[in-house]
Each structure stands twice: as structure tokens, then as C-alpha cells.
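Each position in the sequence shown, counted from 1, maps to that position plus 294 in this note's numbering. From the three backbone atoms N, C-alpha and C, an ideal C-beta is built for every residue, glycine too. Inspection log for the structure reproduced underneath, given as C-alpha cells.
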Amino acid sequence: MRIGGLQKLTLLDFPGHVACTVFLQGCNFRCPFCHNTSLILGTDEMTEDEVLRFLNTRQGLLDGVAITGGEPLLTADLPDFLRKVKALGYKTKLDTNGSFPEKLRALLDEGLVDYVAMDIKNSPDKYAETAGADGMLDAVRKSVDLLKNAVIPYEFRTTVVDELHEPSDFEAIGKWIAGAPQYFLQGFVDSGDILRPGLHAASKEKMEQCRSVAGQYIQTSIRGL
295 MRIGGLQKLT
305 LLDFPGHVAC
315 TVFLQGCNFR
325 CPFCHNTSLI
335 LGTDEMTEDE
345 VLRFLNTRQG
355 LLDGVAITGG
365 EPLLTADLPD
375 FLRKVKALGY
385 KTKLDTNGSF
395 PEKLRALLDE
405 GLVDYVAMDI
415 KNSPDKYAET
425 AGADGMLDAV
435 RKSVDLLKNA
445 VIPYEFRTTV
455 VDELHEPSDF
465 EAIGKWIAGA
475 PQYFLQGFVD
485 SGDILRPGLH
495 AASKEKMEQC
505 RSVAGQYIQT
515 SIRGL
């Protein structure tokens, strides 16, 4: 596995759990606002054994492991890694861009994931621009439908960037994902490791407008406000 890093403690990444976060390298999207550019381009790697040894020492202290990236479902041996994590007694959370619905389905069918957070990059007509990748929308739609019929908890979320999102986009998004239990908006933060510099966070007023529009169709909250 290409593991780019390990955050040893998080109270935020896995709702309801004291967890750590494992960062996997590689992504098939090139979102201009991506704050993990080093994971796309390659960073110093940790070994799977190092992570598993850490998890062995944290049994009883942590109860969850969040898997993020990059796009974790690009990693061919992710299922085997999740089996090892589950065997240690941990709950697992997966972050995904939704572009690999069949791989996602396989993890759900085997019970290897306990919570999924899926990014909704933008309204369908602006998806390619915002994701930095063409031809992904059909796969993303399949993943949305898969999660809406899943038996585990999940969430959809959008990182709102002033230059890329308008309140009107959230009407199309709200209609698209209506029926899901919850939808989160989160403000863009320039980490200094951005794929395209010069982007900005939306104002609090604009964030509230986006929340209000989406909220006509799905329960919508703003994280961090």
C-alpha cells in the first residue's frame, strides 16, 4: 500500500469515534482546490506494517480508523488492509470521491466499512470542471444511488470554493441527493498545499445562502460555523 501519512488522533474525522486517520496516496481527480496535493504527486511513504503496529498499541484507546486520500479506492489492496484493521476490533470510515462504485459496493457487501463520507464536488453540469476530470459523472451518480440504499451511516459533503460554487448550484445538488439523511457544506481552507493557488473561501453569507438553497431538499449543515 502507498501510505502517505498517519494522523494519530482525530475527534473530527470519524463522527462519534475517537480515531486515527490513514492517508493513502494517488487520486484520479485533480480538483483545483485540493488541499492534499502532496498525496496526489507522491510523498514519503509509511509501510502497512508500521500502521498496523501502531493500531496494535492503541487498542482500547482508539475505536475507529478513517481512511482518506487521495482516493482510497485506487489502492488495490485496500480490502485486505481493512480486513486486518477490522480484525483488530476497529470501526472503519472511508472517504471517497465516488468514482469507483463497484469497488465501493464490494466493501459494503463484505462489511469492511462502517461509515462512508462521499464528496459531491458540484452540480452535475459543473462536475468535470470542479473535479478536474472528465467522464466521471455516471460513476459518481451510481455511488450516490448505492449509498442512498446502504444500511450503514453515510454522508455527502461539498467543499465550497468562492470561485467555483454559486448558491444556484446547490439547488441541483439538493435535488440530486434528496433522500439522504444529511448533507454537509465545509468551507475551503488554503493549506498551502493547493493544486491551483489563488482560490478563496466563500463568505459566511454565501455559505448560508448555499445551505438555505440545498436545505429546501435535504437537511443541510455547515461544518465549522
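1. Taking only runs that begin and end inside the region 355-427, name each unbroken alpha helix (DSSP H) of 4 or more residues, in chain order.
2. Apart from the five residues on each side of it in sequence, which residues of its chain come closer than 6 Å, Cβ to Cβ, to Ser417?
3. According to DSSP, simplified to helix, strand and coil, what is Thr341?
4. Measure the alpha-carbon distance for Ile361 versus Val507 and round it to whole angstroms.
5. DSSP three-state label for Gly468, please.
6. Is Leu300 helix, strand or coil when you go by DSSP?
7. Quick one, which of Leu431, Leu355, Thr331 has its alpha-carbon nearest Gly364's?
8. Could you round the C-beta distance between Tyr384 and Val359 to whole angstroms and report it? I think they count as a contact, below 8 Å.
9. Using DSSP's beta-bridge definition, name the partner residues of Val316.
10. Hey, out of Met412, Ala474, Asn322, Val454, whose CA is closest to Gly518's CA?
11. Let's see if you can read the secondary structure: which residues bound the beta strand (DSSP E) around Arg517?
12. Given that a residue counts as buried once 16 or more other Cβ atoms are within 10 Å of its Cβ, and exposed if not, what is Thr351?
13. Could you give the residue range of the beta strand (DSSP E) that holds Glu449?
14. Go through its chain and collect everything with a Cβ distance to Tyr409's Cβ below 6 Å, but skip five positions before and after it.
15. Between the region 425-445 and the region 317-325, do three or more beta carbon pairs fall short of 8 Å?
16. Please look up how many angstroms separate the CB atoms of Pro373 and Leu349, rounded, as I've assumed it's under 8 Å.
17. From this set, Ile488, Phe482, Gly392, which residue's C-alpha is nearest Ser497's C-alpha?
18. Drop a sphere of 10 angstroms on the beta-carbon of Leu303, count the other beta-carbons inside from all chains shown, and report buried for 16 or more, exposed for fewer.
The answer reads as follows:
1. 372-381, 395-404, 421-425
2. Answer for Ser417: Asp463, Ala466, Ile467, listed in chain order.
3. Assigned with DSSP and collapsed to three states, Thr341 falls in coil, not helix or strand.
4. 31 Å
5. Reduced to three states, the DSSP call for Gly468 is helix.
6. Leu300: strand per DSSP, three-state reduction.
7. Thr331
8. Contact annotation, Tyr384 with Val359: C-beta distance approximately 5 Å; criterion of less than 8 Å satisfied.
9. Leu300, Ile361
10. Val454
11. 514-517
12. exposed
13. 448-454
14. Lys387, Pro447
15. Contact annotation: the region 425-445 touches the region 317-325, with at least three C-beta pairs closer than 8 Å.
16. The pair is not a contact, with the Cβ atoms about 17 Å apart (cut-off 8 Å).
17. Phe482
18. Taking every protein chain shown into account, the CB of Leu303 has fewer than 16 other CB atoms within 10 angstroms, so this residue is exposed.
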